[in-house]
Amino acid sequence: MPSQSADNSTRASEQWSKDKLDSDLGLNQDPDEIFRSILFDEYATWTEGDGADAPVFFGDLNLDQIVHSLTTGRDEYNLRPLFYLPLKRPETVRYRQDVFRDLENSELLQSVRSFAAGMRTMRAHLALSEKRYYKRQKQACFLDAVETYCNATAGLTQGLIVALPNSSGFQGLRDFLIGYSGSEGFTTLTRETETVRLGLQKVKYSVHIQSARVTVDRNDVDGDYSQEVLQTFEKFRQADPRSHRFKVPASIEMNHIEEHILDLVAKLHSEIFAHLDEYCRRFCGYCDEVIARFDREVQFYLAYLEQMERVKKAGLSFCYPQVTSQSKEVQALATYDLALANQMIGARTVVVTNDFYLQEPERIIVVSGPNQGGKTTFARTFGQLHYLGALGCLVPGVSAKLFLFESIFTHFEKEEDLQNLRGKLEDELIRINDILERATENSILVMNESFLSTTLSDALFLSREVMKRITGLNMLCVTVTFLDELAAFNETTVSMISTVNPKDPQQRTFKVIRKPADGLAYAAAIAEKYHLTYDAVKARVGAKHGEGSQS
Amino acid sequence: MKVFLMFRDHDFSLEGTAPANAEELIQDLELNTLFHATAGDDKFLLEVAKSGVLATLKDRESIHYRQEVLADCLKFPEIAREIYAISVEAIERENHIWGYFLMTSPDSLLRRSIEALGLFLASFERLRKLCDEHGSKFHSEGFGWFFAMITQELDDAYLQVVKDHLQRLQFPNGILMTANLGPDFRGSDYILHGLEVKKLRWFEQVQEWVGQIGHRNGAGLSFEVDPRDEAGFRALEALRTEGIIHVATALGQSSDHILSFFKALRLELGFYIACLNLKEKLAARDEPICRPNPLPAEGEALRCQGLYDVCLSLNTADRVVGNEVAGENKDLVVITGANRGGKSTLLRSLGLAQLMMQCGMFVPAEAFQANVCQGVFTHFKREEDAGMRSGKLDEELSRMSTIIERITPGCVLLLNESFASTNEREGSEIARQIVRALLEMNIKVFYVTHMFDLAQGFFRDRMDSFLFLRAERLDDGTRTFRLLEGEPLPTSFGKDLYTRIFEAQGSVAAGAVRST
Chain X
18 MPSQSADNST RASEQWSKDK LDSDLGLNQD PDEIFRSILF DEYATWTEGD
68 GADAPVFFGD LNLDQIVHSL TTGRDEYNLR PLFYLPLKRP ETVRYRQDVF
118 RDLENSELLQ SVRSFAAGMR TMRAHLALSE KRYYKRQKQA CFLDAVETYC
168 NATAGLTQGL IVALPNSSGF QGLRDFLIGY SGSEGFTTLT RETETVRLGL
218 QKVKYSVHIQ SARVTVDRND VDGDYSQEVL QTFEKFRQAD PRSHRFKVPA
268 SIEMNHIEEH ILDLVAKLHS EIFAHLDEYC RRFCGYCDEV IARFDREVQF
318 YLAYLEQMER VKKAGLSFCY PQVTSQSKEV QALATYDLAL ANQMIGARTV
368 VVTNDFYLQE PERIIVVSGP NQGGKTTFAR TFGQLHYLGA LGCLVPGVSA
418 KLFLFESIFT HFEKEEDLQN LRGKLEDELI RINDILERAT ENSILVMNES
468 FLSTTLSDAL FLSREVMKRI TGLNMLCVTV TFLDELAAFN ETTVSMISTV
518 NPKDPQQRTF KVIRKPADGL AYAAAIAEKY HLTYDAVKAR VGAKHGEGSQ
568 S
Chain H
38 MKVFLMFRDH DFSLEGTAPA NAEELIQDLE LNTLFHATAG DDKFLLEVAK
88 SGVLATLKDR ESIHYRQEVL ADCLKFPEIA REIYAISVEA IERENHIWGY
138 FLMTSPDSLL RRSIEALGLF LASFERLRKL CDEHGSKFHS EGFGWFFAMI
188 TQELDDAYLQ VVKDHLQRLQ FPNGILMTAN LGPDFRGSDY ILHGLEVKKL
238 RWFEQVQEWV GQIGHRNGAG LSFEVDPRDE AGFRALEALR TEGIIHVATA
288 LGQSSDHILS FFKALRLELG FYIACLNLKE KLAARDEPIC RPNPLPAEGE
338 ALRCQGLYDV CLSLNTADRV VGNEVAGENK DLVVITGANR GGKSTLLRSL
388 GLAQLMMQCG MFVPAEAFQA NVCQGVFTHF KREEDAGMRS GKLDEELSRM
438 STIIERITPG CVLLLNESFA STNEREGSEI ARQIVRALLE MNIKVFYVTH
488 MFDLAQGFFR DRMDSFLFLR AERLDDGTRT FRLLEGEPLP TSFGKDLYTR
538 IFEAQGSVAA GAVRST
């Protein structure tokens, strides 16, 4: 029979999807008003429904892949919206960066992870309790859930006290938890849970089955026949035998025979089972709103840290970027495409890192050079880096200074369709125009191979026009192009070129370096391979010369 | 219960006992011929022979232990073969029981285990009978221990206990078990309590049983499943299964334990059966065998008469030539002389004899004594490989380097035409340095070589501890395949061979004569 109390208890598990937190669950005293969220500081504005959809540029920058890998295995937390919301205020970025810094403390991280694991287990118990048909089984699951919740919460509180966090996020949480743990509600919950559990652990019974008759008794009987059998034949044992293990399906619904037996057991042990009934009625709404919210939101950090761990194993670095809305002199050292790095884990391929910087009055990076040289990857990296920085995350690289944008726009070549050249060009122009209409000086634009579908002179003309407008907007931009002419467009453009290393085809991404476009990059790469570049030849001749002059 | 026919104090195992250079030994000494001769078509015996021969014993006592057991087997081959047959039969019949069934439920495991136990019980009784009748004839320590163990462990009282279990496991009085409240309040930690089967008349049994139930009703609560409630009976059956699951597992395990005993018996006795097989094959060829005399590692003591290559013999219809080697106080034996003169054959014979002695086997010779060594290593010239002409010396050196990584003082190294892939001067110099180092490291070296520079160099040293053997070649160019003591000579008579082959093509290829 489904029981009312066990039904109510599962409501806690649904709270996130509704995001309407029932604050009056009867347990929490006045929560510390200052702490609300581990993701947003007190000034952050965030309204319900934000981040429902992925930003339009997600696919172009392969951020969709990154978020996919971040959220895989964490469906229950509904994390995607959290990754769809870049922050607007540098203070909030720092709020999150500080939380990340605290999580570098392995003890703190461990206690957060244990807490999260506990809450996961708790929800699994609640879900089971929901599923169960038989009242006693619902109660069993409910008791498991509450027990797990108490342990997880107490563990986190203790962990945070010991870890001495520095971030205002974790400090706020710690203070909240200290108040909550000492509250009358929580201490009663913990004590009652223990009492009921201990009582149930003492229950022992015997079952005798003789054809259709089942007899249940309190009495203990001594002796274990299987041991007796084992001992009789133990002397033949030579080495470890094959195992005869049968998997008893773990969570099968009780059948009516088992129910009947349990009812008889409950009759034989009536006191403890009456106590259990009362317990379930009393504590049905036990879960605290702030704790539940933290449990979800901290997954944002844990997910990102896990991804970082994986990528770091490949020898790549992450850093805390300096994120500002004041300066467009952005820069990054040894950065890389995180989506690509993710793919390459375990693939024995080397992910090549790149550097970039812009100095006043530079705004536009023009990437040219041979194909397959990592140009598009470089452009994506630029966009990714700014986006991840604006999420308050660490970013790929050794050091980085990033601009806190208002909006990001991307313009990537769509599937090539030779049947429809005019339509395609037209479509491209419409899209670019739309972007330039909406963009401001605080936007970032990433363009990849525009105007491939028209003649060279057309492309040159159109590109120049677009460049003029971009320059006029004074926004940050990376554009990948086959048109060398754009590389030295004006004083705001910086030329970067891709290089190829044909010697080592294992390298899937290549260096993009700051250098004037000369159309000879590939020839230079080949020469490099044979140590016949101008520099290499000069150095080799010079070395011999050096030997000669010394003598 | 341990078999201990192979070692005084531990089990013999097929796995993990072969030395790291097993593959080289098999290839260079053509051991597969030996293994197949011992096993016939029996794949199991083949594995036993292989592991037995390759797992070199390193002390005289262990060798002696096996030599004694083997002596018993050679004396009473029929009894040894019958014990072996009991073990093989038990294993095969047990396999038959399980062969057709998947162990889907504890209940079927329980039933089949009971069947297997019944079968093993019969094998035990046969083993006991054999032991009672013939045990006293066997004098080796190994068999003495084995028969004593059978008498003691499989006595009548024990066999009766086994029979009782087979009865109780039918659960005529229903099953009684205790449990706790597990996860989700389902019963857990079920423990089954064995209800004795009393030897009562049927009505007494009923009374007893009613009394038991009555007693239980006094304190416990009971219910009865409605006869029409099919789901209820299924549930009851599932519960009963939970009760017997451990005893089924225990019985399955017990049955496995007994099986593993028979497997150990088959394995350890199998080695001696393999020896018997080989002995019979050699006897059919009139070839002699002898019990070798393993001597302590100190003081070079190799000496043999009528030593022949057992593998060559097995591949030849006629008797093969035996050789005499007087290698006392020698730590380097250099074998030179005519091509096809029996040099490699002697080298192989020496290696084979050493291995066979050190696994407790007999040795193919009229008489054989040698120091117990720590391991046999081989470095034989490999067939030309068209693909890697330039890498030949590299390959040789790399193999030698591997040997050097593994070899220890007290080992024996057999070199066959090593370092002949480069020019003689270079090859000799490489070889000289290696051999000298090895000798100083107390490693015994046998070296078949054409390199006159090398052989002559050792000869000039006139060391007392060097022995020089030369393939005998009569003045008319005839080879006797005998190796005699003699100074290395500057040519190896390759010309003869060349002439013979080119003048009488085909006749050589047809003869069962070895290359080199």
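Top to bottom, those sequences are chains X and H.
Using my numbering, read the first sequence as starting at 18 and increasing by one per residue.
Using my numbering, read the second sequence as starting at 38 and increasing by one per residue.
Just so it is clear, CB atoms sit at the ideal spot from N, CA and C, and this is done for glycine as well.
Remember, predicted model here, so these are calculated numbers, not experimental data.
Asked: Out of G257/H, P525/H, L83/H and G89/H, point me to the one whose CA is closest to Y484/H's CA.; Found: P525/H
Asked: Looking only at DSSP bridge pairs, what is P413/X linked to?; Found: F335/X
Asked: Do we get a CB-CB distance below 8 angstroms when we pair H230/H with the residues of chain X?; Found: yes
Asked: Does H202/H come within less than 8 angstroms of chain X when only Cβ atoms are used?; Found: yes
Asked: Quick one: list the residues of chain H neighbouring K570/X, beta-carbon separation under 9 angstroms, in chain order.; Found: Look at the range of chain X in this structure, 18 to 568, and you will see that residue 570/X is not part of it.
Asked: Secondary structure at Y60/X, three-state DSSP: helix, strand or coil?; Found: coil
Asked: Let me know the secondary structure DSSP gives T54/H once reduced to three states.; Found: coil
Asked: Any contact between the stretch 289-303 of chain X and the stretch 104-117 of chain X? By contact I mean 3 or more CB pairs, one from each, below 8 angstroms.; Found: no
Asked: Counting only Cβ pairs nearer than 9 angstroms, list the residues of chain H close to I308/X.; Found: Correct list: empty, because the minimum Cβ distance to chain H is about 25 angstroms.
Asked: Between L491/H and the rest of its own chain, which residues show a CB-CB distance below 7 angstroms, the 5 nearest in sequence each way excluded?; Found: S465, A468 and R469
Asked: Out of curiosity, what's the CA-to-CA distance linking N95/X and T170/X?; Found: 22 angstroms
Asked: Is there a Cβ from chain X that is less than 8 angstroms from the Cβ of R253/H?; Found: With a pLDDT of 45 at R253/H, under the threshold of 50, the predicted position of this residue should be treated as unreliable, though the coordinate-derived value follows. Yes, because at least one Cβ of chain X sits closer than 8 angstroms to the Cβ of R253/H.
Asked: Let's see if you can read the secondary structure: which residues bound the alpha helix (DSSP H) around S200/X?; Found: Looking at the DSSP string, S200/X is not in any alpha helix (DSSP H), and its letter there is neither H nor E.
Asked: What distance in whole Å lies between the Cβ atoms of L462/X and I452/X, which are believed to be in contact at a cut-off of 8 angstroms?; Found: 7 angstroms
Asked: Going by other Cβ atoms of all chains shown within 10 Å of its Cβ, with 16 needed for buried, is A476/X buried or exposed?; Found: buried
Asked: I'd like to know whether the C-beta of A127/H is nearer than 8 angstroms to at least one C-beta of chain X.; Found: no
Asked: Tell me, which residues are paired with N217/H by DSSP?; Found: K221/X and S225/H
Asked: Please report how far the alpha carbon of Q290/H lies from the alpha carbon of L146/H, in whole angstroms.; Found: 10 angstroms
Asked: Hey, does T249/X have any beta-carbon neighbour from chain H nearer than 8 angstroms?; Found: yes
Asked: Less than 8 angstroms between C-beta atoms, sequence neighbours within five positions excluded: which residues of the same chain meet that for V220/X?; Found: V282, H286 and I289
Asked: Please list the terminal residues of the continuous beta strand (DSSP E) segment that includes C341/H.; Found: A338 to L344
Asked: Do V199/H and L158/H have their C-beta atoms within less than 8 angstroms of each other?; Found: yes
Asked: Go ahead and pull the three-state DSSP assignment for N359/X.; Found: helix
Asked: Report the neighbours of M43/H on chain X: residues whose CB is nearer than 9 angstroms to its CB, in chain order.; Found: Neighbours of M43/H on chain X: none; closest Cβ ~13 angstroms, over 9 angstroms.
Asked: Would you kindly work out how many angstroms separate the C-alpha atoms of K105/X and A505/X, rounded to a whole number?; Found: 33 angstroms
Asked: For P325/H versus F405/H, is the C-beta distance shorter than 8 angstroms?; Found: no
Asked: Applying the criterion that 16 or more other CB atoms from any shown protein chain within 10 Å of the CB defines a buried residue, is M38/H buried or exposed?; Found: buried
Asked: What number of angstroms, rounded off, separates the C-alpha of Q343/X from the C-alpha of I381/X?; Found: 17 angstroms
Asked: State the Cα-Cα distance for the pair M488/H and S438/H, rounded to the nearest angstrom.; Found: 21 angstroms
Asked: Under three-state DSSP, which class holds S54/X?; Found: coil
Asked: Contact check, A153/H vs S292/H under 8 angstroms by CB: the rounded distance?; Found: 4 angstroms
Asked: Tell me the start and end of each unbroken alpha helix (DSSP H) in the stretch 240-309 of chain X that is at least 4 residues and wholly inside, in chain order.; Found: 242-250, 273-285 and 287-299
Asked: Reducing DSSP to helix, strand and coil, say where Y101/X ends up.; Found: coil
Asked: If we ignore side chains and look at the alpha-carbon of each, how far apart do T496/X and L99/X end up?; Found: 29 angstroms
Asked: Among the residues of its own chain, which have a CB less than 6 angstroms from the CB of Q339/X, if the five just before and after it don't count?; Found: K418
Asked: Determine the burial state of G135/X: buried for a count of at least 16 other Cβ atoms within 10 Å of its Cβ, exposed for fewer.; Found: buried
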